[in-house]
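In our numbering, the protein residues as written are 441 to 827.
Quick notes on the structure that follows.
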C-alpha cells in the first residue's frame with residue numbers, strides 16, 4: 441500500500457470509534473497504543489480523574505532535543521439531531537471527499553500523524569517525532585493540560601509543536617483565548633404588581649448581559665492593537681447564547697441561568713476579563729441583597745483556554761512555512777490546544793488538513809486533495825527530521 445492508502449486505513453479505524461466528548465475514548469486509545477506497539481513504539485497515558493478517558497503520547501526515534509510534536513484531539517462533537525447522508529461512524533468516499541464524523545476535525549490529522557510513525561522509523565530520523573493525542577478538546581479544551589505538563593517534564597524538549605486543527609494546510613500563528621462561565625442568578629418571587637418587594641432574576645441577569653453588550657460596543661469602536669488587528673473581529677468579544685428562567689409573566693423570576701463566554705485577543709488576559717465580569721456581578725448582587733439577603737449570583741467556571749500568541753521568529757512557524765511554502769499571515773478566532781503548549785514554553789503553530797467550515801456539520805468531510813496534501817507534509821517533515 442502507498443503511504444496515503446495506509447493513512448486512509450487508519451482514518452477509517454479512528455472514525456469507527458464514536459468518541460463523542462460525553463463518552464469514553466479508551467477504545468480508540470487502546471487501538472492507537474496497539475498500533476504503535478506494532479512498530480516497537482511505547483506510548484504513555486495520562487488519564488482523567490474518573491479513569492474513563494485518557495491522553496496518549498509517544499516519542500519516535502532518538503531521545504534527543506529538537507524534535508517535533510504532532511498534536512491532535514480524539515474527541516468529536518455529537519451527531520444526534522443531524523441529517524447525515526451516510527453512517528457518520530463509517531468512512532465513505534464520494535466525489536473526492538472522505539465523509540465521517542471527525543474526518544476534518546480532527547481525526548484526519550490524527551491518522552496522518554500515526555501514518556508518519558513508520559515513515560519516521562524507516563527514514564532514520566535524527567530528531568524525534570512526538571505524538572500527542574488528547575481528550576475533551578471539544579468541550580473545555582483542557583483535557584490535554586496534564587499531558588502537556590508531563591511531556592514537558594519527561595520528554596526531550598521539542599523544537600516545535602504542530603497542532604493539526606483544520607486550516608487548509610495554512611500556517612496559523614495566533615488565535616484568541618477563550619473563557620466562559622455558567623451564571624446562576626437567584627432572585628426572590630413576588631407578584632409582579634409588587635415587583636419592588638422582590639428580586640427579578642431575569643431582569644438582574646439582563647444587567648449582566650447588557651454589560652456584555654457595552655463591552656462589545658467599546659471593542660468595536662476602539663482602534664485594534666497590533667496583535668489584534670489580524671482577527672475577525674479585531675477585538676475581544678463577549679457572548680451569551682443560551683438563557684432560561686422564570687415561572688410566569690406575573691411573577692418576578694426567582695431563577696435565571698445563562699452562559700457567557702469571552703474570546704480574548706492576544707495581548708489581553710482572560711483573567712482580566714473574568715475579573716472584570718466578576719466585579720460587576722458582585723455590584724449587581726449587592727443591589728439584589730439589599731432587597732433580599734438570600735438573593736445571589738453564582739459564577740461557575742466552564743473553561744479557560746489560553747490564546748496562541750504570534751511568536752517573533754518562532755521555530756514552529758519557520759518549520760511549517762518551509763514545509764508548506766505558505767508565507768501568508770494567518771490567525772483565527774476559534775481556540776485550540778496550541779496555547780497550552782505555548783504556555784509550557786513550546787514554539788507552537790496550528791496547521792492541518794481540511795476546513796473548519798466542515799467541522800461539526802452533518803456530512804462532515806475532508807477533501808481527498810487536502811488529505812493527500814497532509815500526507816505530503818508528513819513525508820517532508822520526516823525528511824526534515826532525518827537531516
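Glycine included, C-beta positions come from ideal geometry on N, C-alpha and C.
Considering only DSSP beta bridges, list what residue i is partnered with.
{"i": "residue 572", "result": "497, 511"}
{"i": "residue 483", "result": "498"}
{"i": "residue 682", "result": "699"}
{"i": "residue 619", "result": "702, 744"}
{"i": "residue 806", "result": "538"}
{"i": "residue 788", "result": "601"}
{"i": "residue 460", "result": "516"}
{"i": "residue 771", "result": "614"}
Secondary structure at residue i, three-state DSSP: helix, strand or coil?
{"i": "residue 455", "result": "helix"}
{"i": "residue 605", "result": "coil"}
{"i": "residue 612", "result": "strand"}
{"i": "residue 676", "result": "coil"}
{"i": "residue 579", "result": "coil"}
{"i": "residue 504", "result": "coil"}
{"i": "residue 819", "result": "helix"}
{"i": "residue 691", "result": "strand"}
{"i": "residue 530", "result": "coil"}
{"i": "residue 524", "result": "coil"}
{"i": "residue 547", "result": "helix"}
{"i": "residue 764", "result": "helix"}
{"i": "residue 813", "result": "helix"}
{"i": "residue 667", "result": "coil"}
{"i": "residue 800", "result": "coil"}
{"i": "residue 827", "result": "coil"}
{"i": "residue 465", "result": "coil"}
{"i": "residue 595", "result": "coil"}
{"i": "residue 563", "result": "coil"}
{"i": "residue 470", "result": "helix"}
{"i": "residue 794", "result": "coil"}
{"i": "residue 586", "result": "helix"}
{"i": "residue 448", "result": "helix"}
{"i": "residue 783", "result": "helix"}
{"i": "residue 488", "result": "coil"}
If we count the other Cβ atoms within 10 Å of its Cβ and call it buried at 16 or more, is residue i buried or exposed?
{"i": "residue 441", "result": "Interpretation of residue 441 is limited by its pLDDT of 44, a score under 50 that renders its predicted location unreliable; the figure taken from the coordinates is listed afterwards. Classification of residue 441: exposed, given that the 10 Å Cβ count is below 16."}
{"i": "residue 480", "result": "exposed"}
{"i": "residue 556", "result": "buried"}
{"i": "residue 696", "result": "buried"}
{"i": "residue 820", "result": "exposed"}
{"i": "residue 478", "result": "exposed"}
{"i": "residue 465", "result": "buried"}
{"i": "residue 740", "result": "exposed"}
{"i": "residue 810", "result": "buried"}
{"i": "residue 550", "result": "buried"}
{"i": "residue 645", "result": "buried"}
{"i": "residue 578", "result": "buried"}
{"i": "residue 684", "result": "exposed"}
{"i": "residue 504", "result": "exposed"}
{"i": "residue 631", "result": "exposed"}
{"i": "residue 785", "result": "exposed"}
{"i": "residue 665", "result": "exposed"}
{"i": "residue 537", "result": "buried"}
{"i": "residue 694", "result": "buried"}
{"i": "residue 679", "result": "exposed"}
*Can you give, in chain order, each stretch of the alpha helix (DSSP H) that sits fully within the stretch 698-762 and has at least 4 residues?*
710-731
Decide if the stretch 458-468 is in contact with the stretch 513-528; the criterion is three or more beta carbon pairs, one per stretch, under 8 Å apart. yes
| field | Contained beta strand (DSSP E) runs [length at least 3] in the stretch 617-664, N- to C-terminal order | value | 617-626
Inset, instruction - Assess, as a yes-or-no matter, whether the stretch 748-759 is touched by the stretch 721-734 under the definition of 3 or more beta carbon pairs within less than 8 Å. - result: no
Check whether the stretch 479-498 touches the stretch 552-566, taking contact to mean three or more Cβ pairs, one atom from each stretch, closer than 8 Å. The stretch 479-498 is in contact with the stretch 552-566.
Discussion item. Does the stretch 739-747 come into contact with the stretch 565-572, if we say contact requires no fewer than three beta-carbon pairs (one atom in each stretch) closer than 8 Å?
Written reply: no
With a cut-off of 8 Å, do at least 3 Cβ pairs link the stretch 592-609 to the stretch 703-716? no
inquiry  = Can you confirm whether the stretch 777-792 touches the stretch 576-588 when touching is taken to mean that 3 or more C-beta pairs between the two stretches lie within less than 8 Å?
reply    = yes
- Stretch-stretch touch, CB-based, cutoff 8 Å, three pairs: the stretch 468-478 with the stretch 523-538: no
If we count Cβ pairs, one from each stretch, closer than 8 Å, do we get three or more for the stretch 730-740 versus the stretch 635-651?
Verdict: yes, contact present.
query: Would you call the stretch 656-674 and the stretch 592-601 in contact, with 3 or more CB pairs under 8 Å?
result: In short, these stretches do not touch, since the Cβ pair count stays below three.
Assess, as a yes-or-no matter, whether the stretch 610-628 is touched by the stretch 698-713 under the definition of 3 or more beta carbon pairs within less than 8 Å. yes
_With three or more beta-carbon pairs closer than 8 Å as the criterion, would you say the stretch 504-514 touches the stretch 541-550?_
yes
inquiry  = Does the contact criterion of 3 or more C-beta pairs under 8 Å hold for the stretch 789-800 versus the stretch 764-777?
reply    = A contact exists between the stretch 789-800 and the stretch 764-777.
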